[in-house]
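Enquirer:
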Amino acid sequence: MNDDRSSLVFVFDTTGSMHDDLEQLREGAEMILDTALEHRDVISNFVFVPFNDPVVGPPTVTQDKEVFKAALNVIRIRGGGDCPEKSLGGILMALKVSLPRSYIYVLTDATAGDHRILPEVLDAVQRKQSQVSIFMAL
1 MNDDRSSLVF VFDTTGSMHD DLEQLREGAE MILDTALEHR DVISNFVFVP
51 FNDPVVGPPT VTQDKEVFKA ALNVIRIRGG GDCPEKSLGG ILMALKVSLP
101 RSYIYVLTDA TAGDHRILPE VLDAVQRKQS QVSIFMAL
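In terms of this note's numbering, the sequence shown opens at residue 1 and continues consecutively.
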């Protein structure tokens with residue numbers, strides 16, 4: 001196994017306001033997943049971390065595309081109605097379970113409400129040297 005391989009990670013806001021965005025998440029994840037599989041020498045595993053208020057996780061970590069897709073397909077949208085959400089907690093969990101130099105995609109429609117852990121998240125990003133991309137649904 002090549003030690004330079006990374007994780008492909010999705011961190012997804014599962015609060016009620018994301019209901020309309022769920023199908024787009026699945027479609028986008030499928031496209032990114034298919035692209036990643038074309039470069040299997042770069043991606044070693046797949047990680048999915050849901051976050052809600054107040055729960056973050058549990059993470060799904062797998063090398064099996066079908067297990068990853070199944071995790072996306074059983075997402076339960078619930079709760080919400082308030083902002084902000086625990087997106088930083090989701091990012092931190094993703095960083096803890098993913099490989100170094102990973103590609104982390106965060107999908108939410110709310111600002112982060114767990115700012116107290118920002119220094120820990122920034123430290124983990126630097127230590128892991130991962131790329132974190134945040135997409136805000138409108």
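Beta carbons are placed, not taken as given, at the ideal position from N, Cα and C, and that holds for glycine.
(1) Using a Cβ-Cβ cut-off of 6 Å (strictly less than) and excluding sequence neighbours within five positions of S7, which residues of its own chain qualify?
(2) So the candidates are I91, V106, I134; which of them puts its Cα closest to the Cα of K128?
(3) Have a look at the DSSP bridge pairing and note the partners of S7.
(4) Does the region 14 to 34 come within contact of the region 103 to 111, defined as at least 3 CB pairs closer than 8 Å?
(5) Between I104 and V132, is the Cβ-Cβ spacing less than 7 Å?
(6) Verify whether the separation of the beta carbon atoms of V49 and M93 is less than 7 Å.
(7) Can you tell me whether A29 is buried or exposed? The criterion is at least 16 other CB atoms within 10 Å of its CB, across all chains shown.
(8) Which of the three DSSP states, helix, strand or coil, is assigned to L33?
(9) Output the distance between the C-alpha atoms of E85 and R5, rounded to the nearest integer angstrom.
(10) Going by alpha carbons, who is nearest to N52 out of I134, I43, S87?
(11) The alpha helix (DSSP H) spanning S87 covers which residue range?
Expert: On the basis of the coordinates in this document:
(1) Position 7 of the sequence shown holds residue 7. Cβ neighbours of S7 beyond the five flanking positions: N45, V47, S98, L99, S102.
(2) If you number the sequence shown from 1, residue 128 lands on position 128. Closest by C-alpha distance to K128, out of I91, V106, I134, is I91.
(3) Looking up residue 7 in the sequence shown gives position 7. Beta-bridge analysis with DSSP links S7 to N45.
(4) Touching, per the Cβ criterion.
(5) Counting from one through the sequence shown, the residue named residue 104 turns up at place 104. Counting from one through the sequence shown, the residue named residue 132 turns up at place 132. In contact: I104 and V132 (Cβ atoms closer than 7 Å).
(6) On the sequence shown, position 49 is the one that residue 49 refers to. On the sequence shown, position 93 is the one that residue 93 refers to. Their beta carbons are under 7 Å apart, which means V49 touches M93 by this criterion.
(7) Counted from its first residue, the sequence shown places residue 29 at position 29. By the 10 Å Cβ count, A29 comes out buried.
(8) Working through the sequence shown from its first residue, we reach residue 33 at position 33. If DSSP states are grouped into helix, strand and coil, L33 belongs with the helices.
(9) Counting from one through the sequence shown, the residue named residue 85 turns up at place 85. Counting from one through the sequence shown, the residue named residue 5 turns up at place 5. Those two C-alpha atoms are separated by around 31 Å.
(10) By 1-based counting over the sequence shown, the position of residue 52 is 52. The residue with the shortest Cα to Cα distance from N52 is S87.
(11) For the purposes of this step, residue 87 is identified with residue 87 of the sequence shown, where counting begins at 1. Bounds of the alpha helix (DSSP H) holding S87 are 87 to 97.
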